[in-house]
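Here the structure is laid out as structure tokens; the discussion comes afterwards.
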């Protein structure tokens, strides 16, 4: 009973002690309006790789008025920015995984499977990469047809 | 010649070539769309 209650108590304590300090109103300002941020930026080297992010941060990000460091408030608009980056990452990670899997499956039909793992068979690899581009569709298709997952009978279970 | 081409298709060589191509792509991207990595793509700078 106590074991189950403890996380809830901890969550409530954390909520009331830490969460209010993350509240944006009155604490965060636009970065270009924060004197501490201006001071920090003034000491940066004057070149593209410092100026460009300074402009972007100053215009779009909120900074602590006193510390002058960018702080991100999690709201819906920022949520979209995060979702785009995460979506790109997820798609690229899936692309890499799916094309590798497709290539291994394709060469497993061949006689010289081991050789094709060391010396890449380019026509097959390009085919696998093309399949990888469509991985979100193919994964749904394979999940529905049962190719993606193993049968229950194939999963070994230790005796209990 | 055919041995040389086969050597070029070996996994480590292809991995290196791919890495160089991807790096060149991102470096060029920075010239085509400056500031892309600073979150200025969806909100263009004033």
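Chains as they are written, first to last, in our numbering: chain A, 1 to 160; chain B, 1001 to 1046. The beta-carbon is built from N, C-alpha and C at its ideal position, and this holds for glycine as well. These figures come from a predicted structure and were not determined experimentally.
Worksheet item: Would the beta-carbon of residue 27(A) fall within 7 Å of that of residue 1011(B)?
Response: Position 27 of the first chain, counting from 1, holds the residue named residue 27(A). Position 11 of the second chain, counting from 1, holds the residue named residue 1011(B). Their beta carbons are not under 7 Å apart, which means residue 27(A) does not touch residue 1011(B) by this criterion.
Worksheet item: Is any beta-carbon of chain B found at less than 7 Å from that of residue 154(A)?
Response: The residue given as residue 154(A) occupies position 154 in the first chain. So, not an interface residue.
Practice prompt. Would you tell me roughly how many angstroms separate the C-alpha atoms of residue 123(A) and residue 41(A), rounded to the nearest one?
Written response: For the purposes of this step, residue 123(A) is taken as the residue at position 123 of the first chain. For the purposes of this step, residue 41(A) is taken as the residue at position 41 of the first chain. Between residue 123(A) and residue 41(A), the C-alpha separation is close to 52 Å.
Item to complete: Count the other CB atoms, across all protein chains shown, that sit within 10 Å of the CB of residue 67(A); report buried if there are 16 or more and exposed otherwise.
Response: Reading the first chain from its first residue, position 67 is the one you call residue 67(A). Result: exposed.
Practice prompt. Compare the C-beta of residue 1014(B) with all C-beta atoms of chain C and state if any pair is closer than 7 Å.
Written response: Although the question refers to chain C, the structure presented lacks it and instead comprises the protein chains A and B.
Worksheet item: Is the CB of residue 1023(B) under 7 Å away from at least one CB in chain A?
Response: For the purposes of this step, residue 1023(B) is taken as the residue at position 23 of the second chain. Residue 1023(B) does not count as touching chain A.
Worksheet item: Which term fits residue 63(A), buried or exposed, when burial requires 16 or more other beta carbons within 10 angstroms of its beta carbon?
Response: Taking the first chain and counting its residues from 1, the one referred to as residue 63(A) is at position 63. The C-beta of residue 63(A) has 16 or more other C-beta atoms within 10 Å across all chains shown, which makes the residue buried.
Worksheet item: Quick one, which residues of the segment 94 to 120 of chain A are near chain B if we go by CB-CB under 7 Å, in chain order?
Response: 118, 119 and 120
Discussion item. Can you check whether the C-beta of residue 1009(B) is within less than 7 Å of a C-beta belonging to chain A?
Written reply: The residue given as residue 1009(B) occupies position 9 in the second chain. Chain A contact via Cβ: present.
Discussion item. Rounded to the nearest angstrom, what separates residue 165(A) and residue 12(A) at their Cα positions?
Written reply: A query on residue 165(A) cannot be resolved here, the shown segment of chain A reaching from 1 to 160 and no further.
Worksheet item: Who are the neighbours of residue 69(A) on chain B, taking C-beta pairs under 8 Å?
Response: Taking the first chain and counting its residues from 1, the one referred to as residue 69(A) is at position 69. Correct list: empty, because the minimum Cβ distance to chain B is about 16 Å.
Worksheet item: Nearest-angstrom Cα distance between residue 88(A) and residue 159(A)?
Response: As a first step, residue 88(A) is located in the first chain; it is residue number 88 there, counting from the start. As a first step, residue 159(A) is located in the first chain; it is residue number 159 there, counting from the start. Going by C-alpha positions, residue 88(A) is about 43 Å away from residue 159(A).
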